[in-house]
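What follows is a single structure, written as structure tokens, with notes after it.
Chains as they are written, first to last, in my numbering: chain A, 1086 to 1383; chain B, -16 to 230.
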């Protein structure tokens, strides 16, 4: 019961204090809203990029292994089974020489070449689909060691493209984490200084509280709640702006850059919402916690 | 030799060879020895800068003693951790020269505030606060704000706030310092009544008239040292009528 009473007291104090220092509180809310907007935009860009990468990944995550003409069919099937047993391999399909020739013939650019050739010069293939782009390298190395592989042109995949995509994703993740760290520090400093101002405004009240026997956390509680309140209001504002702008922005982007497969994903909105609200709460709590630990002592 | 057992009231405050040295090297208190039994009324007198305020700050553990032992209500304040401080302060009622009332709260809310921060239930808080205001004679002013009251009335509110959680010790630092003589005497009467009800009172003061009129225990401090401890004393040493020494 007393916990409930203390919580009500802390909430009431935090709410009153938020509005009593309305100018400082609103400045903090707006600053953190901007920071969370930046964080939200980077989350959305990250998600959009992820969507684009996934689309490209589906296209390039296939490795083709050329089978030498003298390799017995049984050995090829046996190797296909070995590939299927490898982690990261989603599917393996055997393409016969005839099937591959008809696929080759279907391309009009190859017609002139086909007229000059006799028999079937194209090798049979094993088409290996992998789960992640990073799985292609090991599968390629494994295939090149197989006796039945065609030594003139053992494997084929878009190696450079795959490598570049993997590097891009790594660099974007590092840049995102760096940006996140900078934004976190900035938010914590802003909340900390807001709390410092609030502590200064309420110094009389704090002094009386201490002298009549309030516990340290009874005095600190309202300030931490005020920080959480600041973070939550800022997160709500940032979320509202992002949700309102997301769909129109994607539509505008699609009409300007139609070749980039970017789509509006409504399933990402709740994820964005929970991420921003959690971030706002944690940033507010962390900033105010550090603030009260520094400025409110018995 | 037969040592007679001491059946006197237990000490509420006990200073044993207490020193307080500030970081700049100033000795604010030097080898203070002082014992205040339960139910006592003690005037702490001395010139400005003598160490009275330091002694009061030590009593509420705003400062720690540098050396020696200081025990209040059985708690050694030299070794007491920060977490236990609130429980010490709940046993002490504090009254200050500048009242320390919260200007945006009414008289009743100011007194209730002291109980609310202790997490007491709402209805009991209001009942106890009204009782405390009745005790100091301000029952009819509950809804007024501190700025609407005279200095004496504000000090009464501060005393009501100090009393409301029923402390066993009242520490008053210059409670009559900002008041005219008549109002100061009214406040003094109030503190004496509280003492008569069983609370121990320690009052730091410069008010010579009151000390000389009331004739209670007087502890005089000069340059951080207790120079006089009279059981029924005056503000200055009374040469014509030597006071009975308490120690």
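For glycine and all other residues, C-beta sits at the position ideal for the given N, C-alpha and C.
Every value quoted in this text rests on a predicted model; they were computed, and no experiment measured them.
Compare the C-beta of residue -2(B) with all C-beta atoms of chain A and state if any pair is closer than 8 Å.
-> no
Length of the line joining the Cα atoms of residue 1182(A) and residue 1152(A) = 9 Å
Going by C-alpha distance, which of 104(B), 218(B), 136(B), 23(B) is nearest residue 175(B)?
-> 23(B)
What distance in whole Å lies between the Cβ atoms of residue 148(B) and residue 97(B), which are believed to be in contact at a cut-off of 8 Å?
-> 6 Å
The region 91 to 112 of chain B: positions lying closer than 9 Å to chain A by Cβ = 93, 96, 97, 98, 99, 100, 101, 102, 103, 104, 105
Burial state of residue 156(B) (16 or more Cβ within 10 Å) | buried
Please indicate yes or no: does the CB of residue 1261(A) lie closer than 7 Å to some heavy atom of the ligand ADP?
-> What this structure holds is no ligand at all, so the ligand ADP is not there to describe.
In angstroms with no decimal places, state the Cα-to-Cα distance between residue 132(B) and residue 2(B).
-> 40 Å
Proximal residues to residue 1347(A) (C-beta, below 8 Å), its chain only, five neighbours per side dropped = 1133, 1136, 1137, 1335, 1338, 1339
Minimum Cβ-Cβ distance from residue 1309(A) to chain B less than 8 Å | no
Cβ shell of residue 20(B) (< 8 Å), same chain only, five flanking positions each side left out = -9, -8, -7, -6, -5, 183
When the Cα atoms are used, what is the spatial distance from residue 1364(A) to residue 1316(A)?
-> 8 Å
DSSP beta-bridge partners of residue 1240(A) | 1150(A)
Chain-ordered neighbours of residue 73(B) on chain A, where CB pairs are closer than 7 Å | 1298
Can you pull the chain A residues whose beta carbon is under 9 Å from the beta carbon of residue 65(B), in chain order?
-> 1301, 1382, 1383
Put residue 1314(A) into one of helix, strand or coil per three-state DSSP.
-> helix
Using a C-beta cutoff of 8 Å, does residue 35(B) count as contacting chain A?
-> no
Chain A contacts from the region 41 to 60 of chain B (Cβ-Cβ distance under 8 Å) | 43
What's the C-alpha gap between residue 111(B) and residue 164(B)?
-> 30 Å
Quick one: does residue 70(B) have its CB under 8 Å from some CB of chain A?
-> yes
Could you check where the beta strand (DSSP E) with residue 212(B) kicks off and where it finishes?
-> 208 to 213
Whose C-beta lies closer than 6 Å to the C-beta of residue 1094(A) among residues of the same chain, with five residues either side of it excluded?
-> none
Please confirm whether residue 61(B) and residue 73(B) have their CB atoms less than 8 Å apart.
-> no
Residue 1126(A) touches chain C at which residues, Cβ-Cβ below 8 Å?
-> Of the protein chains in the structure, A and B, none is chain C.
With burial defined as no fewer than 16 other Cβ atoms inside 10 Å of the residue's Cβ, what is the status of residue 1231(A): buried or exposed?
-> buried
Contact between the region 1316 to 1331 of chain A and the region 114 to 128 of chain B: three or more CB pairs below 8 Å?
-> no
Assign residue 1294(A) to buried or exposed, taking buried as 16 or more other Cβ atoms, counted over all protein chains shown, within 10 Å of its Cβ.
-> buried
Tell me the start and end of each unbroken alpha helix (DSSP H) in the region 1206 to 1230 of chain A that is at least 4 residues and wholly inside, in chain order.
-> 1221 to 1229
If you compare alpha carbons, which of 1222(A), 1277(A), 1322(A) is closest to residue 1305(A)?
-> 1277(A)
Alpha carbon of residue 187(B) to alpha carbon of residue 14(B), nearest angstrom | 19 Å
How about residue 1272(A) and residue 1088(A): do their beta carbons lie closer than 8 Å?
-> no
Give the straight-line distance between the Cα atoms of residue 210(B) and residue 202(B), rounded to the nearest whole angstrom.
-> 8 Å
Are any of the Cβ atoms in chain B nearer than 8 Å to that of residue 1094(A)?
-> yes
Taking all protein chains shown into account, decide if residue 1343(A) is buried (16 or more other Cβ within 10 angstroms of its Cβ) or exposed.
-> exposed
Should residue 105(B) go down as buried or exposed, given a rule of 16 or more other Cβ atoms within 10 Å for buried?
-> exposed
Between the beta-carbon of residue 1189(A) and the beta-carbon of residue 1213(A), is there less than 8 Å?
-> no
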